[in-house]
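Read the structure below first, then the notes.
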Amino acid sequence: MITLFYDAQCPLCVAEMRKLKKADLRDEVQLVDIHDSQTMAAYPQVQFSAANRILHAVDEQGQLYLGLDATVRVWRQVGKMRWLAVLRWPVIKWFADIAYRLFARYRLPVSRLLMPSQCANNQCRNPKS
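Here the UniProt record's numbering is used: position 122 in the sequence shown is 122, and no number is missing along the way.
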């Protein structure tokens, strides 16, 4: 079992989580919405502000995975998308991590662009700090 923390207010993120759960035939991935403060309280090692910047995953041993490491780990857990491991190769990892961080930072505007019907009522706007 592995727990993945994601932004349920991001339509692209939700679409990816649906795809992941569809592939999770043995129910090995638990999804946690980072906006669910009650559930998040059970995971003190995962802070909302950090999880809102990049994906976080925690396995049964308490090992924390971040960003693309989390993505690769959860897809490996369900036995799909094995090609993602290429993104962890040393030569590719650096570039892939930069691309991931850019996507993660702009996931809401990208959602607004690609999925406008899912972004009604300003759902896909970054909250003001």
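Heads up, the beta-carbon is just placed ideally off N, CA and C, and yes, glycines get one too.
Item	Value
Three-pair Cβ contact test at 8 Å for the stretch 38 to 47 versus the stretch 99 to 107	no
Expected contact under 8 Å - CB spacing of Arg88 and Val72 to nearest Å	6 Å
Nearest-angstrom Cα separation, counted from Gln61 out to Asp33	21 Å
Exposure of Trp75, with buried meaning 16 or more beta-carbon neighbours within 10 Å	buried
Minimum C-alpha distance to Met40 - residue among Asp27, Arg26 and Val58	Val58
Leu68 - containing alpha helix (DSSP H), residue span	Leu68 to Gln77
Alpha carbon of Gln9 to alpha carbon of His35, nearest angstrom	8 Å
Span of the beta strand (DSSP E), counted from its first residue to its last, around Val29	Val29 to Asp33
When His56, Ile92 and Leu20 are compared against Phe5, the one with the closest alpha-carbon	His56
Opening and closing residue of the beta strand (DSSP E) in which Val14 lies	Unbroken run through Val14 is the alpha helix (DSSP H), Pro11 to Ala23; no beta strand (DSSP E).
Three-state class that DSSP yields for Ala42 in the structure shown	coil
Beta-carbon proximity of Leu66 to Ala96, cut-off 8 Å	no
Residue environment, Asp27, which counts as buried when at least 16 other CB atoms sit within 10 Å	exposed
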